[in-house]
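As structure tokens, the structure follows; a few thoughts come after it.
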Amino acid sequence: MSQTIHVIGLGAGTLDQLPLGIYRFLTNHKNEVFVRTNQHPVIQELEEEGVTFKSFDHVYEKHEQFEDVYQDISKRLLEAAQQQDLVYALPGHPFVAERTVQLLLEHADEHLHIEFHGGQSFLDPLFNALKIDPIEGFQLLDGTALKRSTIQFTNHLLIAQVYDSFVASDIKLTLMEDLPEDYPVTIVDAAGSKDEKVMTVPLYELDREGTFSDLTTLYVAPQSSDALTHTFNQLREVIATLRGPNGCPWDRKQTHESLRPYLIEEAYEVIDAIQEEDDDHIAEELGDVLLQVMLHSQIGEDNGFFSVDDVIRSITEKMIERHPHVFGDVEVDSADEVTTNWEAIKSKGKAKKETLLEGISEALPRLLYAQEMQKKASKVGFDWGDAALAFEKVTEEIKELQEVIEKEDINEIELEFGDVLFSLVNVARLLSIDSEIALHRTSQKFKNRFQYIESIAKRNGVELTDLSLEDMENYWNQAKVLRKGEE
Numbered sequence: 001m002s003q004t005i006h007v008i009g010l011g012a013g014t015l016d017q018l019p020l021g022i023y024r025f026l027t028n029h030k031n032e033v034f035v036r037t038n039q040h041p042v043i044q045e046l047e048e049e050g051v052t053f054k055s056f057d058h059v060y061e062k063h064e065q066f067e068d069v070y071q072d073i074s075k076r077l078l079e080a081a082q083q084q085d086l087v088y089a090l091p092g093h094p095f096v097a098e099r100t101v102q103l104l105l106e107h108a109d110e111h112l113h114i115e116f117h118g119g120q121s122f123l124d125p126l127f128n129a130l131k132i133d134p135i136e137g138f139q140l141l142d143g144t145a146l147k148r149s150t151i152q153f154t155n156h157l158l159i160a161q162v163y164d165s166f167v168a169s170d171i172k173l174t175l176m177e178d179l180p181e182d183y184p185v186t187i188v189d190a191a192g193s194k195d196e197k198v199m200t201v202p203l204y205e206l207d208r209e210g211t212f213s214d215l216t217t218l219y220v221a222p223q224s225s226d227a228l229t230h231t232f233n234q235l236r237e238v239i240a241t242l243r244g245p246n247g248c249p250w251d252r253k254q255t256h257e258s259l260r261p262y263l264i265e266e267a268y269e270v271i272d273a274i275q276e277e278d279d280d281h282i283a284e285e286l287g288d289v290l291l292q293v294m295l296h297s298q299i300g301e302d303n304g305f306f307s308v309d310d311v312i313r314s315i316t317e318k319m320i321e322r323h324p325h326v327f328g329d330v331e332v333d334s335a336d337e338v339t340t341n342w343e344a345i346k347s348k349g350k351a352k353k354e355t356l357l358e359g360i361s362e363a364l365p366r367l368l369y370a371q372e373m374q375k376k377a378s379k380v381g382f383d384w385g386d387a388a389l390a391f392e393k394v395t396e397e398i399k400e401l402q403e404v405i406e407k408e409d410i411n412e413i414e415l416e417f418g419d420v421l422f423s424l425v426n427v428a429r430l431l432s433i434d435s436e437i438a439l440h441r442t443s444q445k446f447k448n449r450f451q452y453i454e455s456i457a458k459r460n461g462v463e464l465t466d467l468s469l470e471d472m473e474n475y476w477n478q479a480k481v482l483r484k485g486e487e
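Per the UniProt record's numbering, the sequence shown starts with residue 1, numbered consecutively.
Right, dumping it as structure tokens:
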């Protein structure tokens with residue numbers, strides 16, 4: 001034998017707004033009516049008509065998380081429904097901002113039937129109170145589970161279930177990540193009832209207002225795109241405009257090939273900013289790298305091959321796949337295990353390479369190219385394994401270089417010099433040093449010190465060519481003292 005739960009929507013306002021059929025259903029019901037909360041204008045009026053209610057308000061006091069509250073309420077309803085048919089009433093419409101209804105539906109089967117009976121949602125009186133047209137685009141979100149990533153600020157934004165100042169405070173902090181602290185927001189309480197209140201306050205004062213209840217909704221007017229320059233969608237729109245028919249001639253003529261040097265250049269400028277330990281500069285330079293990604297993605301979209309969505313999808317799926325210890329049930333004890341798993345997953349499904357050293361990009365700077373080759377060879381044990389042993393090889397290669405220099409054979413000198421560099425890369429790798437970055441830092445250090453010599457000569461009205469080597473050495477040593485942080 002199946003049982004039935006009758007879910008009743010009590011509407012958003014007073015008894016006068018309750019449909020006649022719902023009114024008759026409730027007043028003719030002889031047993032108690034379960035109600036999620038008695039904090040609703042129509043409850044008291046129905047009680048005066050003889051309807052008795054059993055509220056779940058006390059359940060809210062038992063739990064810290066709203067999801068736990070809703071789980072508890074639905075569990076109690078399901079247990080009660082095993083004994084007899086029952087009526088469950090709630091504010092507004094059963095399918096608007098009612099988590100308990102969704103939980104009950106998960107248990108509906110041949111033994112439990114759930115019937116729904118009308119109920120005006122709070123949205124209609126809310127639109128009326130705010131004088132807004134939803135056709136312009138609106139978003140309804142749960143204030144108890146608000147996530148920044150889901151908010152669409154270009155729409156009319158409605159945040160429901162602002163039960164108290166604690167929820168309001170969480171909402172305020174979330175919104176202030178994107179909105180100015182004085183952005184006007186509107187609090188609407190008991191929309192459609194005789195107790196309706198509408199109040200607009202600066203965002204930073206939101207949680208200082210005492211007008212919060214089960215019937216409170218927050219309204220945030222749409223933001224213009226000009227105020228959303230920090231969002232990804234706005235960046236994408238800007239790049240599409242630059243590449244569009246009325247865009248920038250320079251941006252429109254770029255190709256993947258023409259942009260190649262800029263990506264390398266911008267990456268090294270990020271490294272410079274990191275070396276400077278300048279957070280603002282790092283953010284700026286990372287933006288320049290992102291610009292290159294967006295330009296390449298827009299070119300791909302313009303040509304009909306791929307878009308930035310494909311770029312994001314590819315890296316997102318890769319990160320999930322290669323981190324089963326985070327997104328799956330694999331357990332790891334160290335970073336080394338993570339690396340081992342990464343390489344195993346990376347090679348899975350790929351065609352077997354004819355040689356271990358395939359797949360290294362020929363576009364890499366040669367120091368980095370040498371480093372990557374050595375890494376791959378080390379995976380099969382072809383490695384010194386110790387920086388001290390590798391350094392002995394450097395000494396050996398330097399000796400061989402000295403020998404061929406005496407022979408004055410430029411071809412042999414070049415080869416032996418390359419061996420020295422290759423051996424030094426090996427030492428660096430075993431010391432966990434990136435050769436490319438190390439050389440970049442040294443080059444920058446040389447540049448700074450030489451520019452110091454230039455500045456001294458200019459200050460003294462002397463040409464560089466008129467300085468002796470001894471003078472330049474002295475100025476160089478002064479620069480070393482002044483720039484100790486480089487040592």
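Beta carbons: idealized from backbone N, C-alpha and C, even for Gly.
These numbers were taken from a predicted model, which means no experiment stands behind them.
Task: DSSP-derived helix/strand/coil call for Lys407 - done: Residue numbering aside, residue 407 sits at position 407 when the sequence shown is read from its first letter. Lys407: helix per DSSP, three-state reduction.
- [ ] Note down the Cα distance separating Glu317 from Glu284, rounded to an integer number of angstroms.
- [x] In the sequence shown, counting from the first residue as 1, residue 317 sits at position 317. In the sequence shown, counting from the first residue as 1, residue 284 sits at position 284. Answer to the nearest angstrom: the Cα atoms are 27 Å apart.
TODO: Give the secondary structure of Gly328 by DSSP, where H, G and I count as helix, E and B as strand, and everything else as coil.
DONE: Taking the sequence shown and counting its residues from 1, one reaches residue 328 at position 328. In the structure shown, Gly328 sits in coil (DSSP, three-state: anything other than H, G, I, E or B).
Open item on the list: Considering Cα atoms alone, identify which of Pro19, Ala479, Gln102, Ala190 is closest to Leu77.
Closed with: In the sequence shown, the residue the question calls residue 77 occupies position 77. Here the closest residue by C-alpha is Gln102.
TODO: Mind checking which residues open and close the alpha helix (DSSP H) that includes Val42?
DONE: Locating residue 42 in the sequence shown gives position 42, counting from the first residue. Looking at the DSSP string, the run of the alpha helix (DSSP H) that includes Val42 is 41-48.
- [ ] With a floor of 4 residues, list each alpha helix (DSSP H) that falls wholly inside the region 99-184, ordered by position along the chain.
- [x] 99-105, 123-130, 165-175
Open item on the list: Taking the alpha carbon of Glu177 as the reference point, which residue from Ile320, Ser435, Thr229 has its own alpha carbon closest?
Closed with: Taking the first residue of the sequence shown as position 1, residue 177 is located at position 177. Minimum Cα distance to Glu177 is reached at Thr229.
Task: Those residues which DSSP pairs with residue 495 across a bridge - done: There is simply no residue 495 to check, as the chain begins at 1 and stops at 487 in what is shown.
Task: Interface flag, Pro184 vs chain B, CB-CB below 8 Å - done: No chain B appears in this structure, which consists of one protein chain only.
Open item on the list: Using C-beta distances below 6 Å, list every residue in its chain close to Lys480, excluding the 5 sequence neighbours before and after it, in chain order.
Closed with: Position 480 of the sequence shown holds residue 480. Within the same chain, Lys480 has no close Cβ partners at all.
TODO: Tell me whether Asp195 sits in a helix, a strand or coil according to DSSP, three-state version.
DONE: Here residue 195 refers to the residue found at position 195 of the sequence shown. Coil at Asp195, not helix or strand.
- [ ] Would you identify the three-state DSSP class for Leu215, choosing helix, strand or coil?
- [x] On the sequence shown, residue 215 is found 215 positions in, with the first residue counted as 1. It is coil, neither helix nor strand.
TODO: With DSSP collapsed to three states, give me the class of Phe53.
DONE: Indexing the sequence shown from 1 puts residue 53 at position 53. Phe53 falls in the strand class under three-state DSSP.
Open item on the list: Taking a contact to mean a Cβ-Cβ separation below 8 Å, would you say Thr217 touches Leu179 in this structure?
Closed with: As a position in the sequence shown, residue 217 is number 217, starting the count at 1. As a position in the sequence shown, residue 179 is number 179, starting the count at 1. No.
- [ ] Quickly, what does DSSP pair Asp189 with across the bridge? List them, please.
- [x] The count along the sequence shown starts at 1 and reaches residue 189 at position 189. Beta-bridge pairing links Asp189 to Lys197, Thr216.
Open item on the list: On the CB-based measure, 16 or more other CB atoms within 10 Å of its CB, does Arg36 come out buried or exposed?
Closed with: For this step, residue 36 is matched to residue 36 along the sequence shown. Buried is the call here.
TODO: Mind reading off the beta-carbon distance from Arg429 to Gln371? Whole number of angstroms is fine, and I expect it under 8 Å.
DONE: Counting from 1 along the sequence shown, the entry for residue 429 is found at position 429. Counting from 1 along the sequence shown, the entry for residue 371 is found at position 371. The Cβ separation is near 6 Å, so the contact holds.
Open item on the list: With H, G and I counted as helix, E and B as strand and the rest as coil, what does DSSP make of residue 515?
Closed with: As displayed, the chain neither begins before 1 nor continues past 487, which places residue 515 out of reach and without an answer.
Task: 8 Å Cβ shell around Gln275 - same chain, five flanking residues per side excluded - done: Here residue 275 refers to the residue found at position 275 of the sequence shown. Excluding residues within five positions, the ones whose Cβ falls inside 8 Å are Arg441, Gln444.
Open item on the list: As an exercise, report each continuous alpha helix (DSSP H) stretch of at least 4 residues that is fully enclosed by the region 235-310, in chain order.
Closed with: 249-253, 256-276, 279-302
- [ ] Please classify Pro94: is it buried, with 16 or more other beta-carbons within 10 angstroms of its beta-carbon, or exposed?
- [x] Position 94 of the sequence shown holds residue 94. That one is buried.
Task: Residue interval of the alpha helix (DSSP H) (run including His230) - done: In the sequence shown, the residue the question calls residue 230 occupies position 230. Per DSSP, His230 belongs to no alpha helix (DSSP H) and is neither H nor E.
TODO: With DSSP as the reference, label Gln82 as helix, strand or coil.
DONE: Position 82 of the sequence shown, counted from the start, is the residue given in the question as residue 82. Three-state result, Gln82: coil.
Task: Candidates Asp226, Asp329, Ile345, Val42, of which the one nearest Ala191 by Cα - done: Position 191 of the sequence shown holds residue 191. Ranking Asp226, Asp329, Ile345, Val42 by Cα distance to Ala191 puts Val42 first.
Open item on the list: Judging by CA-CA distance, which residue of Pro365, Phe212, Glu237, Tyr219 is the nearest neighbour of Ile264?
Closed with: Reading the sequence shown from its first residue, position 264 is the one you call residue 264. Of Pro365, Phe212, Glu237, Tyr219, the residue nearest in Cα terms is Pro365.
Task: Local conformation of Gln223 per DSSP, three classes - done: For the purposes of this step, residue 223 is taken as the residue at position 223 of the sequence shown. Looking at Gln223 - three-state DSSP - the assignment turns out to be coil, as it is neither helix nor strand.
Task: Closest residue to residue 500 among Asp471, Glu463, Arg449 (Cα-Cα distance) - done: With the chain covering only 1 through 487, there is no way to say anything about residue 500.
- [ ] Run the CB neighbour count on Met199, radius 10 Å, all protein chains shown included, and call it buried at 16 or more, exposed below.
- [x] As a working mapping, residue 199 is identified with position 199 in the sequence shown. So Met199 ends up on the exposed side.
Task: N- and C-terminal bounds of the alpha helix (DSSP H) containing Arg322 - done: Stepping through the sequence shown from its first residue, residue 322 is reached at position 322. No alpha helix (DSSP H) contains Arg322, which DSSP labels as neither H nor E.
Task: Rounded C-alpha distance that separates Asp214 from Gln152 - done: As a first step, residue 214 must be located in the sequence shown, where it is residue number 214. As a first step, residue 152 must be located in the sequence shown, where it is residue number 152. Near 24 Å, if we compare the C-alpha coordinates of Gln152 and Asp214.
Task: Span of the alpha helix (DSSP H), counted from its first residue to its last, around Phe25 - done: Taking the sequence shown and counting its residues from 1, one reaches residue 25 at position 25. That run of the alpha helix (DSSP H) goes 20-27.
Task: Limits of the alpha helix (DSSP H) - the one that Tyr452 falls within - done: As a first step, residue 452 must be located in the sequence shown, where it is residue number 452. 435-459 is the span of the alpha helix (DSSP H), which, as asked, contains Tyr452.
Open item on the list: To the nearest angstrom, how far is the alpha carbon of Glu412 from that of Leu389?
Closed with: If you number the sequence shown from 1, residue 412 lands on position 412. If you number the sequence shown from 1, residue 389 lands on position 389. Between Glu412 and Leu389, the C-alpha separation is close to 25 Å.
Open item on the list: So, for Met472: in the same chain, excluding its five sequence neighbours on each side, which residues have a beta-carbon less than 6 Å away from its beta-carbon?
Closed with: Numbered from its first residue, the sequence shown carries residue 472 at position 472. Excluding sequence neighbours, Met472 sits near Ile453.
Open item on the list: Suppose contacts are defined by Cβ-Cβ distances below 8 Å. Is Gln298 in contact with Ala240 by that definition?
Closed with: If you number the sequence shown from 1, residue 298 lands on position 298. If you number the sequence shown from 1, residue 240 lands on position 240. Going by C-beta atoms, Gln298 is nearer than 8 Å to Ala240.
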